[in-house]
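*Asks:*
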Amino acid sequence: DKLLAPLPQGVCVAAASARTLRAAVDMVVAVVRPGRAALAGLLRAEDCVVLETDRAEEGMGASLAVAAQYLQGLPGTPAAVLVALADMPWIRRASLESVLDALRDAPMAAPAYQGQRGHPVGFRAELLPQLAALSGDEGARRLLKQPGLQWVPTEDPGVLRDVDTPADLDEGG
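Numbering (our numbering), first residue to last: 374 to 546.
#1: If you draw a straight line from the C-alpha of residue 520 to the C-alpha of residue 458, how long is it?
#2: Are residue 529 and residue 468 closer than 9 Å when you measure CB to CB?
#3: Consult DSSP for residue 483 and reduce its assignment to one of helix, strand or coil.
#4: For the alpha helix (DSSP H) that residue 473 lies in, which residues bound it at each end?
#5: If we count the other Cβ atoms within 10 Å of its Cβ and call it buried at 16 or more, is residue 527 buried or exposed?
#6: Between residue 503 and residue 516, how many whole angstroms is the CB-CB distance? I'm expecting something under 8 Å.
#7: To the nearest angstrom, how far is it from the Cα of residue 514 to the Cα of residue 379?
#8: On the CB-based measure, 16 or more other CB atoms within 10 Å of its CB, does residue 417 come out buried or exposed?
#9: Just reading off the beta strand (DSSP E) that residue 522 is part of, what are its end residues?
#10: Which partner residues does residue 542 have in the DSSP bridge list?
#11: If you run the structure through DSSP and keep just helix, strand and coil, what is residue 417?
#12: Taking all protein chains shown into account, do 16 or more other C-beta atoms lie within 10 angstroms of the C-beta of residue 495, making it buried, or fewer, making it exposed?
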């Protein structure tokens with residue numbers, strides 16, 4: 374399981390990603406498939422809210438919908454959300470904060486490294502109903518094609534780097 378694989382500093386991929394997020398936001402909500410007890414336990418130990426759902430099998434859109442529905446049900450909806458991927462442990466905290474800052478002026482924001490849009494993508498709370506209605510594996514791509522996406526230039530290559538193979542675990546990338 375790539376999310377439980379150790380990085381050179383000894384922390385696993387999912388924990389490193391969660392720690393960076395926790396440093397930048399008030400709450401991290403993780404959506405996982407049932408039967409992923411080790412991953413769910415690790416994320417809870419990192420102070421994440423873990424939502425286990427069969428809908429995660431449907432793809433990224435369904436997972437986003439589950440998280441958005443959870444957030445809509447809270448007493449006090451967050452002003453904005455970051456949609457981040459657990460297999461991207463190299464993103465710097467400053468990149469997360471830059472995306473959040475950009476949401477003051479735009480309904481959606483994403484980091485851009487060398488002209489390529491990266492992760493995480495930020496959405497203001499007004500878009501939670503649209504996120505809650507997502508399904509399938511497309512994620513939020515349709516939303517991102519609407520007007521209002523602000524690209525946030527960054528010098529952080531981590532916004533593009535994910536872990537897919539054992540070679541990706543090396544910090545040098």
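All residues carry an ideal CB built from backbone N, CA and C; glycine is no exception.
*Replies:* Short version:
#1: For the purposes of this step, residue 520 is identified with residue 147 of the sequence shown, where counting begins at 1. For the purposes of this step, residue 458 is identified with residue 85 of the sequence shown, where counting begins at 1. Here the C-alpha atom of residue 520 lies approximately 23 Å from the C-alpha atom of residue 458.
#2: By one-based count along the sequence shown, residue 529 stands at place 156. By one-based count along the sequence shown, residue 468 stands at place 95. Cβ distance < 9 Å, so residue 529 and residue 468 count as in contact.
#3: As a working mapping, residue 483 is identified with position 110 in the sequence shown. It is a strand residue.
#4: On the sequence shown, residue 473 is found 100 positions in, with the first residue counted as 1. That run of the alpha helix (DSSP H) goes 466-475.
#5: Indexing the sequence shown from 1 puts residue 527 at position 154. Per the 10 Å Cβ criterion, buried.
#6: Translated into the one-based positions of the sequence shown, residue 503 becomes position 130. Translated into the one-based positions of the sequence shown, residue 516 becomes position 143. Contact flag correct, Cβ pair sits at about 6 Å.
#7: For the purposes of this step, residue 514 is taken as the residue at position 141 of the sequence shown. For the purposes of this step, residue 379 is taken as the residue at position 6 of the sequence shown. Their backbone Cα atoms lie some 30 Å apart in a straight line.
#8: Locating residue 417 in the sequence shown gives position 44, counting from the first residue. So residue 417 ends up on the exposed side.
#9: Position 149 of the sequence shown, counted from the start, is the residue given in the question as residue 522. Looking at the DSSP string, the run of the beta strand (DSSP E) that includes residue 522 is 522-526.
#10: Position 169 of the sequence shown holds residue 542. Residue 542 is not bridged to any residue.
#11: The residue you call residue 417 lines up with position 44 of the sequence shown. When DSSP states are grouped into helix, strand and coil, residue 417 belongs to the helix group.
#12: Mapped onto the sequence shown, residue 495 falls at position 122. The residue is buried, with at least 16 neighbouring Cβ atoms inside 10 Å.
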